[in-house]
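So the structure is just underneath, and the comments pick up after that.
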């Protein structure tokens, strides 16, 4: 009997065939998951001038890395509440135009804002589980309003400790959900 193997085209081949791993090729498809950018904007009196600069920041982010499925959302402080100024949208320009509506006279209800962000992210994840949420917090980080205990006074040390404890709980929850967070704390030469 013939000990040589015969290929389909009747060519004799001695086995085993030797090749190195660089002889193998594979098609790789790259998928870039859409980003969902959530801007928490401190519109308290002490941050009013900085908020106007955020327009430039958002537009530069838009120019640098925008893909048509990336979304932006704006959450601001209004009085003692956090308000969704812009639900997640792919229309960056519309969101930026809404920044003109902000008035610089508010407290800093950071906990309420982070809860709103968490809720918005859950909704967006239901629509597209592949989105990558990134939260930008633009604030002087002087949180002074609690969601759990709205009557607390931040100037009272024991009250302030409760407010910061609430924030720690919320940020831990966001961290467990694998949500990226960037805190932009501007240095200001002025105080109000």
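Residue numbers (our numbering): -16 to 175. Note that the Cβ used here is the ideal one computed from N, Cα and C, for glycine as well. Quantities reported herein were computed from a predicted structural model and do not represent experimental measurements.
Check residue i in the structure and name its three-state DSSP category.
i: residue 79; result: helix
i: residue 99; result: helix
i: residue 33; result: helix
i: residue 45; result: helix
i: residue 130; result: coil
i: residue 110; result: helix
i: residue 105; result: helix
Thinking just about the alpha-carbon of each residue, which of the options is nearest to the one in residue i?
i: residue 117; options: 26, 30, 168, 71; result: 71
i: residue 88; options: 11, -1, 30; result: 30
i: residue 97; options: 24, 53, 82; result: 24
At what residues does the alpha helix (DSSP H) containing residue i begin and finish?
i: residue 91; result: That residue, residue 91, is in no alpha helix (DSSP H); it is neither H nor E in DSSP.
i: residue 145; result: 140 to 159
Mind checking who residue i pairs with in its DSSP beta bridge?
i: residue 7; result: Partner(s): none; residue 7 has no beta bridge.
i: residue 163; result: 117
i: residue 57; result: 22, 69
Measuring only from the beta carbon, is residue i closer than 6 Å to any heavy atom that is part of the ligand SAH?
i: residue 69; result: As presented, the structure is devoid of all ligands, the ligand SAH included, so that no description of it is given.
In terms of residue numbering, what span does the beta strand (DSSP E) encompassing residue i cover?
i: residue 70; result: 64 to 72
i: residue 24; result: 18 to 24
Hey, would you say residue i sits closer than 7 Å to residue j, going by beta carbons?
i: residue 28; j: residue 115; result: no
i: residue 44; j: residue 57; result: no
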